[in-house]
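For the sequence shown, numbering that gives the first Met the number 0 begins at 0 and goes up steadily by one.
Using N, Cα and C, we set each Cβ at its ideal position, and we do this for glycine too.
Since this is a predicted model, take the numbers as computed values, not measurements.
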Amino acid sequence: MNLDINGYLEKIDDPVMVDDKELQDVVRQLDKACKEAGFFYVKNHGIPDSLVKGVKDVTRTFFNLPYEDKLKIKLTAQSGYRGYQRVGENITKGKPDMHEAIDSLKCDKNMAQCYREMKPGEYGSLGQSLEGSNLWPCYPPNFKVLMEEYIYLLRDLSRKIMRGIALALGGPPDAFEREKAGDPFWVMRLIGYPISSDISEIQHTDTGCGAHTDYGLLTLVNQDVEINALQVQNKNGEWISAPPIPDTFVCNIGDMLKIWSNGLYESTLHRVINNSSKYRVSVAFFYEPNFDASVEPFEFCKQKTRGIAKFDKVVYGEHLVNKVLNNFVY
Ligand SMILES: N=C(N)NCCCC[C@H](N)C(=O)O
Ligand SMILES: O=C(O)CCC(=O)C(=O)O
Ligand SMILES: [Fe+2]
Numbered sequence: 000m001n002l003d004i005n006g007y008l009e010k011i012d013d014p015v016m017v018d019d020k021e022l023q024d025v026v027r028q029l030d031k032a033c034k035e036a037g038f039f040y041v042k043n044h045g046i047p048d049s050l051v052k053g054v055k056d057v058t059r060t061f062f063n064l065p066y067e068d069k070l071k072i073k074l075t076a077q078s079g080y081r082g083y084q085r086v087g088e089n090i091t092k093g094k095p096d097m098h099e100a101i102d103s104l105k106c107d108k109n110m111a112q113c114y115r116e117m118k119p120g121e122y123g124s125l126g127q128s129l130e131g132s133n134l135w136p137c138y139p140p141n142f143k144v145l146m147e148e149y150i151y152l153l154r155d156l157s158r159k160i161m162r163g164i165a166l167a168l169g170g171p172p173d174a175f176e177r178e179k180a181g182d183p184f185w186v187m188r189l190i191g192y193p194i195s196s197d198i199s200e201i202q203h204t205d206t207g208c209g210a211h212t213d214y215g216l217l218t219l220v221n222q223d224v225e226i227n228a229l230q231v232q233n234k235n236g237e238w239i240s241a242p243p244i245p246d247t248f249v250c251n252i253g254d255m256l257k258i259w260s261n262g263l264y265e266s267t268l269h270r271v272i273n274n275s276s277k278y279r280v281s282v283a284f285f286y287e288p289n290f291d292a293s294v295e296p297f298e299f300c301k302q303k304t305r306g307i308a309k310f311d312k313v314v315y316g317e318h319l320v321n322k323v324l325n326n327f328v329y
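Given below as structure tokens:
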């Protein structure tokens, strides 16, 4: 499903407009897509083409650098899991993935990282493993400026889509704001998937990224054009291809939305297989709850599901740290 959200975006922050027909149309489609497919595309999303393309271009340029240069911003536990990870260093279901990536950039002096910034001690011992300084590459030179602009705009776009999802679930439009995801612990991952023949025998696995669900609320994927590699599992367990559609983002549901919605929406199981003859890049923006958000089924969702909570309460930061600590090898 490819949702045209142009008019919707203009109205979704305006309380007077909640009953607007065009807006409600998009809300209905969001509900259907989240229930049936677990993913959807958005078009006319208002993010400039030049920026959408620009972040992929600098990502490609970075991965093209000599290995030694990329290692200058290597991801380690000491860097708060922010920085560059080599092919085979990301683990999904116990198996190395055939991709390289930059995780978590954020601004501090002249370096970068892609998680929302976290000051030492901000979330006590829970946050400690994700505190870290920034690892922006020096090259390409426009890298940091582009990424910051992109993060700023994607955050707001995600917030607006979450308002529609709140309505789709039958809640108030601001259900995910304030102490829920008003200070989202967003993550951005810049990912490169080499072609199979460029990967050494010992690093070979079947997937560029193994089957997984994302951890938070909503993921917006900016896919490489022309390469068909992302796959999503449907309710019948079949893998459905999610090909790139020009000028769109692919959106999928994370684990915390599953819990808040009490399972009305499932988190989307997906994987990446690059069988093409080209190096694939993608830029995934993860819109997540507040780091210290306590997540449990919304009352208005429970009412639609026989009043019984299907999931226990979790603190988002705990869920994330558990995932991250099992995600990487060095
Ligand atoms: N922040 C997100 N969603 N990152 C997804 C990374 C790929 C899956 C991860 N190795 C895992 O096993 O979960
Ligand atoms: O590369 C993609 O299209 C998706 C990447 C992904 O699923 C992830 O990093 O969580
Ligand atoms: Fe994912």
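For Glu-298, the closest alpha carbon among the candidates Gly-170, Asn-5 and Asn-251 is that of Gly-170. Here Trp-259 carries a helix assignment [DSSP, helix/strand/coil]. A direct Cα-Cα distance of roughly 9 Å separates Leu-268 from Gln-230.
Per DSSP, Ile-101 is not a residue of any alpha helix (DSSP H); the beta strand (DSSP E) it occupies stretches across 99–102. Closest in C-alpha terms to Gly-306, from the list Phe-38, Ser-260, Pro-172 and Val-17, comes Ser-260. Ranking Pro-193, Lys-69, Val-86 and Ile-150 by CA distance to the CA of Tyr-138 puts Lys-69 first. By the criterion of a C-beta distance shorter than 6 Å, Gly-6 is surrounded in its chain by Glu-21, once the five residues flanking it on both sides are discounted.
Between the alpha carbons of Asp-48 and Trp-185 lies a distance of about 22 Å.
For Arg-270, the secondary structure class from DSSP, reduced to helix, strand or coil, is strand.
Distance from the Cα of Asn-321 is smallest, within the candidate group Tyr-214, Trp-238 and Thr-304, for Tyr-214.
Proximity of the beta carbon of Ala-210 to ligand 2 is not indicated: no heavy atom of the ligand is located closer than 7 Å. Set against 7 Å, the gap from the CB of Thr-206 to the closest heavy atom of ligand 3 is not smaller.
His-269 has its Cβ nearer than 7 Å to a heavy atom of ligand 3. Among the bridge pairs identified by DSSP, Cys-250 is matched with Phe-39 and Leu-219. Residue environment for Arg-115: buried (at least 16 other C-beta atoms within 10 angstroms of its C-beta). Distances from the alpha-carbon of Tyr-122 to those of Asn-289, Val-294 and Lys-312 put Asn-289 closest. Here Pro-14 carries a helix assignment [DSSP, helix/strand/coil]. Distance from the CA atom of Ala-32 to the CA atom of Met-0, rounded to whole angstroms, is 7 Å.
Here DSSP, grouped into helix, strand and coil, assigns Gly-209 to strand. Leu-217 and Ser-196 have their C-alpha atoms roughly 33 Å apart. Under DSSP, the beta-bridge partners assigned to Ser-240 are Gln-230. Between ligand 3 and the CB of Thr-91, the shortest heavy atom gap is not smaller than 7 Å. In this structure, the C-beta of Asp-213 approaches ligand 3 to less than 7 Å from one of its heavy atoms.
Taking non-hydrogen atoms of ligand 2 into account, the C-beta of Ala-308 is found less than 7 Å away from none of them.
Only buried fits Arg-81, as 16 or more other CB atoms lie within 10 angstroms of its CB.
Straight through space, the alpha carbons of Phe-285 and Arg-270 are spaced by roughly 16 Å. Comparing C-alpha distances from Lys-118 to each of Ile-46, Gly-79 and Glu-99 shows the shortest one belongs to Gly-79.
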